[in-house]
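Enquirer:
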Ligand SMILES: C[S@@+](CC[C@H](N)C(=O)[O-])C[C@H]1O[C@@H](n2cnc3c(N)ncnc32)[C@H](O)[C@@H]1O
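Numbering (our numbering), first residue to last: 192 to 499.
1) Look up residue 381 in the DSSP assignment and say whether it is helix, strand or coil.
2) From the DSSP secondary-structure annotation, give me the bridge partner or partners of residue 497.
3) My assumption, with CB atoms under 8 Å, is that residue 266 sits in contact with residue 284. Please give the rounded CB distance.
4) Can you determine whether any heavy atom of ligand 1 sits closer than 7 Å to the C-beta of residue 237, and answer yes or no?
5) Rounded to whole angstroms, what's the CA-CA distance from residue 482 to residue 253? Just pull it up for me.
6) For the putative contact between residue 441 and residue 417, defined by C-beta atoms under 8 Å, what is the C-beta separation to the nearest angstrom?
7) Count the other C-beta atoms from every protein chain shown that fall within 10 angstroms of the C-beta of residue 484, then say buried if there are 16 or more, exposed otherwise.
8) Using a threshold of 7 Å, is the CB atom of residue 248 nearer than that to any non-hydrogen atom of ligand 1?
9) Check whether the Cβ of residue 294 lies closer than 7 Å to any heavy atom of ligand 1, and answer yes or no.
10) Taking 8 Å as the threshold (C-beta atoms), are residue 439 and residue 410 in contact?
11) Could you tell me if residue 346 is buried or exposed, where buried requires 16 or more neighbouring beta carbons within 10 angstroms of its beta carbon?
12) Could you give the C-beta distance for residue 309 and residue 198, rounded to a whole number, given that I count them as a contact under 8 Å?
13) Could you tell me which of 332, 238, 476 and 424 sits nearest to residue 270, measuring between CA atoms?
14) In terms of residue numbering, what span does the beta strand (DSSP E) encompassing residue 296 cover?
15) Buried or exposed, going by whether 16 or more other CB atoms sit within 10 Å of the CB of residue 426?
16) Anyone know if the C-beta pair for residue 317 and residue 293 falls short of 8 Å?
17) Where do the N-terminal and C-terminal ends of the beta strand (DSSP E) with residue 501 fall, by residue?
18) Taking residue 251 as the reference, give the member of 231, 241 and 277 with the closest Cα.
19) On the three-state DSSP scale, how would you describe residue 162?
20) Quick one: residues in its chain with C-beta nearer than 6 Å to the C-beta of residue 467, no 5 flanking neighbours on either side, listed in chain order?
21) Please report the distance separating the alpha-carbon of residue 413 from that of residue 257.
22) Within 8 Å, do at least three Cβ pairs link the region 490-498 to the region 370-387?
23) In terms of residue numbering, what span does the alpha helix (DSSP H) encompassing residue 286 cover?
24) State the Cα-Cα distance for the pair residue 194 and residue 389, rounded to the nearest angstrom.
25) Count the other C-beta atoms from every protein chain shown that fall within 10 angstroms of the C-beta of residue 444, then say buried if there are 16 or more, exposed otherwise.
26) Given that a residue counts as buried once 16 or more other Cβ atoms are within 10 Å of its Cβ, and exposed if not, what is residue 356?
27) Quick check on this structure: which residue in 201, 247 and 205 has the alpha carbon closest to the alpha carbon of residue 488?
28) Ends of the beta strand (DSSP E) at residue 442?
29) What's the C-alpha gap between residue 348 and residue 263?
30) If you check the beta carbons only, do residue 353 and residue 306 fall under 8 Å apart?
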């Protein structure tokens, strides 16, 4: 298995200690521990993600047309690939059309990246995994430079919503050259989606990094909240906070961190978008052109094909 490392495990471990000290855990830690990977897989096996997978399946049938202007070999760079399950739908569709594909999954989670690489290799694709931080513009450029343009960029599973979407989509657009294509999805805001944010699978996923360092369920409470992002209409943010209900002494990588009763630890957040806000973000904010789009059968996700 070929994996190039731009972000080492030692760097992630150090950042985790610093994030705990700052009481603010960014997105990457929610896929880092084995417990988190398990909780994510459970969450991703739910009906909304299955419907999203069907959308990617529909888009896969269009993959040969989307890449018709590409030369013989099609480089596919997936930012936040996870286990690569959605990516492989596309890779398989291209292969069925007799196209050669080089696959570049990019992720900070060693476990998920290894899964993406191994599963694609099992299907005889040429693969180079990149262990990188996709919140870093520098890592995005380095990861995309691993392949020659024109290339097909992918970002699935509302990965965009785990970051500040204003910055993230601009940084991704900056990696694109003429002829490149981007397929990106986002979760659609609805009152029902907002009402369902606090459910047992989401709570387990949110709590997994803390459970991995010995925090018990009755040590505190996870609270979900939905807010508007006032920078643009139609952008909503689900935030999660852990409220300590007793004094905690947590050992992280040999360092003791004390969390006092009443303190809060901010956790990863997720954006939801109205379709209009998603279009605005892609077309007006990042100056991409939306060539086509698919809405999942349950109306929960929107997936767009873009050029720059
Ligand atoms: C919402 S999941 C989506 C995974 C996959 N694309 C899917 O649709 O199943 C987000 C992915 O981004 C990765 N990720 C989160 N923060 C990251 C970061 N800062 N750098 C690189 N990968 C990150 C996670 O490990 C996870 O695999």
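A virtual CB, placed ideally from N, CA and C, is assigned to each residue, including glycine.
Expert: Let me spell this out:
1) coil
2) 373 and 481
3) That pair is no contact at about 16 Å.
4) no
5) 12 Å
6) That pair is no contact at about 28 Å.
7) buried
8) no
9) no
10) yes
11) buried
12) About 20 Å separates the two Cβ atoms, so there is no contact after all.
13) 332
14) 291-298
15) buried
16) yes
17) Because residue 501 is not part of the residues shown, which for the chain are 192 to 499, the question remains open.
18) 277
19) Residue 162 is absent from the model: the chain starts at 192 and stops at 499.
20) 425
21) 42 Å
22) yes
23) 276-287
24) 36 Å
25) exposed
26) buried
27) 247
28) 439-443
29) 28 Å
30) no
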